[in-house]
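Data block below; observations after.
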Amino acid sequence: MPRLTTAEKIRRAALKLFERGGADAVSMRRVADAVGITPMAIYRHFPSREALLKRLSDDSFEAIAHEWAAHATHPDVLERLQALLVPYLDYALANPHLFDHAFSLRRDDARRFPEDFRERQSPTLTVIADAIDDGMRRGVLRKDDPWDVAMTLWAHSHGLIALYRAGRFSYDEAQFRAFYLASLRRVIDGIKA
1 MPRLTTAEKI RRAALKLFER GGADAVSMRR VADAVGITPM AIYRHFPSRE
51 ALLKRLSDDS FEAIAHEWAA HATHPDVLER LQALLVPYLD YALANPHLFD
101 HAFSLRRDDA RRFPEDFRER QSPTLTVIAD AIDDGMRRGV LRKDDPWDVA
151 MTLWAHSHGL IALYRAGRFS YDEAQFRAFY LASLRRVIDG IKA
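Under full-length UniProt numbering, the sequence shown has 25 at position 25, and the numbering climbs by one with no breaks.
Structure below.
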């Protein structure tokens with residue numbers, strides 16, 4: 001197995017701290033202690049704490065985008081749309097702090113709707129918009145703006161997850177997952193041609 005670079009060790013240590021306690025748990029001192037270096041040594045690899053947090057968020061977002069792309073080939077458009085939103089739920093439940101940092105907290109570098117999305121800068125929503133566009137071209141989905149519909153699906157998915165994480169459901173995880181999938185199906189059924 002190849003030896004990890006110092007930057008990789010820093011990212012891994014920061015990720016462990018982040019997963020346990022969120023962004024507030026990630027300090028340069030804590031990361032340095034976990035790696036066995038001085039806090040100042042981190043700045044050779046990351047110019048600031050914010051840059052390190054952004055890298056963690058970007059890395060995790062890239063992983064979920066890869067997962068979404070893997071679901072983008074299902075031949076049934078309706079099944080594909082639902083399958084594309086399952087990794088989002090999986091990510092939120094497995095990585096709640098990263099999920100919050102990537103999708104729920106205000107960040108100056110976050111993509112903005114509609115311009116950034118229509119320019120295909122979102123590796124996740126682009127996959128959904130493409131599936132919707134495909135469904136519209138095939139006559140499976142009603143004609144509409146694919147990007148607006150994609151944002152509607154994402155907002156519905158995100159809203160359910162946010163409510164679940166805020167304790168607004170009495171369901172356990174399996175019950176919530178079943179509700180989530182059924183709810184998405186209702187929305188998807190509502191956009192069928």
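Glycine included, every Cβ here is placed at the ideal spot set by N, Cα and C. Source: prediction; values computed, not measured.
- Judged by DSSP secondary structure, residue 58 falls within the alpha helix (DSSP H) whose first and last residues are 49 to 70.
- One thing to note: residue 124 has its Cβ within 7 Å of the Cβ of residue 65.
- For the pair residue 154 and residue 129, the Cα-to-Cα distance works out to about 10 Å.
- Beta-carbon to beta-carbon, residue 72 and residue 139 are separated by about 20 Å, too far to satisfy the 8 Å threshold.
- Under the three-pair Cβ rule at 8 Å, the stretch 30 to 47 does not count as touching the stretch 70 to 89.
- In the structure shown, residue 4 adopts coil according to DSSP, grouped into three states.
- Relative to the Cα of residue 59, the nearest Cα in the group 14, 117 and 41 belongs to 14.
- In this structure residue 57 touches residue 102 by the C-beta definition: roughly 5 Å separates them, less than 8 Å.
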